[in-house]
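> First residue of the sequence shown? That's 11 in the working numbering, and the numbers climb one at a time after it.
Quick reminder that beta carbons are idealized off the backbone N, C-alpha and C, glycines included.
Keep in mind it's a predicted model, so treat the numbers as computed, not measured.
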Amino acid sequence: MISSGKRRPKSASEMIRQADLWRIGADGDQNYVQAFQLYKKAASRGNVRAMFLLGTMFESGHGTKQSYREAAKWYDRGCEEGDIDCAAAIAFLSEAGLGVKRSRSYAIEMNERAATAGNVRAENNLGLIYLDPDGGDLNLHAAMTWFQKGNISGFAPAQVNLGRMYQRGMNVNRSCGTAAVLFKRAARQGNTGSKIHLARLYRLGLGVDRSETVARHLFLEAARWGSSGARKELEEDEGEPEGPKYCAALKRAEDPQSQLEIGLAYLDGICTGQSVYTAVYWLEQAAKGGSETAMYVLGQIYENGICLEKSPASAAKWYRWGADRGHGPCAYNLAYMYENGIGGPKDPEKALALYRKASEDSSSDEDALSDALFAVGSMMLRGNGTEKDPAGAAEVLSRSAELGHAGAQLLAGKILLASDRWKAVSFLKRAAEQGDEEATKILSEME
11 MISSGKRRPK
21 SASEMIRQAD
31 LWRIGADGDQ
41 NYVQAFQLYK
51 KAASRGNVRA
61 MFLLGTMFES
71 GHGTKQSYRE
81 AAKWYDRGCE
91 EGDIDCAAAI
101 AFLSEAGLGV
111 KRSRSYAIEM
121 NERAATAGNV
131 RAENNLGLIY
141 LDPDGGDLNL
151 HAAMTWFQKG
161 NISGFAPAQV
171 NLGRMYQRGM
181 NVNRSCGTAA
191 VLFKRAARQG
201 NTGSKIHLAR
211 LYRLGLGVDR
221 SETVARHLFL
231 EAARWGSSGA
241 RKELEEDEGE
251 PEGPKYCAAL
261 KRAEDPQSQL
271 EIGLAYLDGI
281 CTGQSVYTAV
291 YWLEQAAKGG
301 SETAMYVLGQ
311 IYENGICLEK
321 SPASAAKWYR
331 WGADRGHGPC
341 AYNLAYMYEN
351 GIGGPKDPEK
361 ALALYRKASE
371 DSSSDEDALS
381 DALFAVGSMM
391 LRGNGTEKDP
401 AGAAEVLSRS
411 AELGHAGAQL
421 LAGKILLASD
431 RWKAVSFLKR
441 AAEQGDEEAT
451 KILSEME
């Protein structure tokens, strides 16, 4: 185990690393005061990252007296140096009027600065601002645009918020099916709120096949982390541990599953003293112990820059760990990186091999399998990473189409028009029902 205090750090970066260890209690000796002092010293030397971390300490009251005013001061200093995390943080305080004068316009300005630079939390916050008419005009189109950006970045809260808009039919045709897909994406990252929303869809059979068994399982998972809403649904108000107490109990365990649950809890904000650094520490312990889910979540964090700087190399490392163990979602995301040259040169052959591996993971849900099959079929159709094979592509795309993938339904339908018109029309109709404009046009021209 790494020691937190064997030598005195000299550089600002060393101070931050040492402070992080004190903050998360890496050797079992958590000390917020020591962490605060080191962050402050590094920030005083002009280290921008330390300014942000010091602000979070003032905001949470860890290691020092809680002060939104002091937090805002350090976030402002970081903003002056161009730090996007500080911009997102000061935007939140400005929107809420904490430590600074409440200003919706300034919150939007700073969130847009951070979001434009790729801060996923700022993307989600902008969506929330435009969804709330308090202090400004309701702008559903802008809200959906920013939630969609957060969804593409893989940020679970944005996926939940976008799902809620589809569920309610806000600025879009109501679609509980699309909402369910979005809730599933967030749930795969351990997001508690998404499990509650998804459970309610399963209980009522909205957008998914009705299943009380699945609904109950999801409610139990959410209740386990202290969700009062889930407890109410289950009518089991007694015996469930509170989030912070449960996290404290889990910390005494050393198995990968417990370490994974600690990491997810910190990432989801259930444990007190929320910190992405704490989450990453525990997720790494779980991954090193063999947890494929932890490998996947770590890859998501580094690929999309969720509260940390983006690191394609780190993302690829964790996805590769999972892919080597046969984990479909890890294989899929690593394939996407190879296909699009993210973090290195494009390698379509490796991408295709990994997409195929993802499509063979029988433990993946139907959405993940259909995505992987669609990717394989599309590459076969284009001759990307392999020889062009329209017949083989049609077979693979048909499998994806049967699982409900609209893009696969369109491509399979177009390919099969010459050889199996009935099946082609069936796929095109299903794609059109999901809103695919090209499929609708093809069908109208056939009439």
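Looking at Ala296: is its Cβ nearer than 7 Å to the Cβ of Leu274?
no
> Which of the three DSSP states, helix, strand or coil, is assigned to Ile139?
helix
> Going along the chain, which residues of its own chain have a beta-carbon closer than 7 Å to the beta-carbon of Ser410, five neighbours each way excluded?
Ser380, Leu383, Phe384, Gly387, Ala418
> Applying the 10 Å Cβ sphere with the 16-neighbour rule, what's the burial state of Gln76?
exposed
> Are Leu141 and Ala153 closer than 7 Å when you measure CB to CB?
Closer than 7 Å, so yes.
> Please report the Cβ distance between Ala81 and Leu103, rounded to the nearest whole angstrom; I am assuming they are in contact, meaning their Cβ atoms lie under 8 Å.
7 Å
> Using 10 angstroms around the beta-carbon of Thr303, count the other beta-carbons present and answer buried if the total reaches 16, otherwise exposed.
Per the 10 Å Cβ criterion, buried.
> Which class does Arg112 belong to by DSSP, given the choice of helix, strand or coil?
In this structure, Arg112 counts as coil in the three-state DSSP scheme.
> Spatial neighbours of Tyr85 within its chain, please: C-beta separation below 6 Å, excluding the five flanking residues on both sides.
Closer than 6 Å at the Cβ level, and outside the excluded window around Tyr85, lie Gly65, Cys96, Ala99, Ile100.
> DSSP on Glu91, reduced to helix/strand/coil?
coil
> With a CB to CB cut of under 8 Å and the five nearest residues on each side skipped, what residues in its chain are close to Arg112?
Ser104, Glu105, Ala106, Gly145
> Suppose only complete runs of 4+ residues qualify. What are the alpha helix (DSSP H) ranges in the region 154-196, listed by chain order?
166-178
> Roughly how many angstroms lie between the CA atoms of His72 and Ile26, to the nearest whole one?
16 Å
> On the DSSP letters alone, give me the boundaries of the alpha helix (DSSP H) that Lys205 sits inside.
202-214
> Considering only residues of the same chain and omitting the five flanking positions on each side of Glu246, which have a CB-CB separation below 8 Å?
In this predicted model, Glu246 has a pLDDT of only 43, less than 50, meaning its place in the structure is not dependable; the value taken from the coordinates is given anyway. Answer for Glu246: Ala233, listed in chain order.
> Counting pairs of Cβ atoms below 8 Å between the region 392-407 and the region 353-366, do you hit three or more?
yes
> Which of the three DSSP states is assigned to Arg377 in this structure?
For the sequence presented, residue 377 should be read as Asp rather than Arg. In this structure, Asp377 counts as helix in the three-state DSSP scheme.
> Mark Met478 as exposed unless 16 or more other C-beta atoms lie within 10 angstroms of its C-beta, in which case mark it buried.
Residue 478 is absent from the model: the chain starts at 11 and stops at 457.
> Short of 6 Å in beta carbon distance, which residues of its chain neighbour Asn41, apart from the five on each side in sequence? Order them along the chain.
Trp32.
> Which term fits Glu443, buried or exposed, when burial requires 16 or more other beta carbons within 10 angstroms of its beta carbon?
For Glu443, the number of other beta carbons within 10 angstroms of its own is below 16, and it is reported as exposed.
> I need the DSSP call for Leu63, collapsed to helix, strand or coil.
helix
> Ala168 and Asn134 look like a contact to me (Cβ under 8 Å); what is the Cβ gap, rounded to whole Å?
Yes, they are in contact, since the Cβ atoms of Ala168 and Asn134 sit about 4 Å apart, within 8 Å.
> At the level of alpha carbons, what is the spacing between Ala326 and His151?
Approximately 34 Å, taken between the alpha carbons.
> From the DSSP output, in three-state form, read off Glu319 for me.
In this structure, Glu319 counts as coil in the three-state DSSP scheme.
> So, is Glu69 buried or exposed, given that buried needs 16 or more other C-beta atoms within 10 angstroms?
buried
> Alpha carbon to alpha carbon, how far is Gln470 from Leu192?
The structure shown does not extend to residue 470, since the chain is modelled only from 11 through 457, so no value can be given for it.
> Step through the CB atoms of chain C and report whether any lies within less than 7 Å of the CB of Leu216.
No chain C is present in this structure, which holds just one protein chain.
> Which stretch, first to last residue, makes up the alpha helix (DSSP H) that contains Asp30?
22-34
> Have a look at Lys205, Ala196, Gly200, Cys186 and flag the residue whose alpha-carbon is nearest the alpha-carbon of Asp219.
Considering only alpha carbons, the answer is Cys186.
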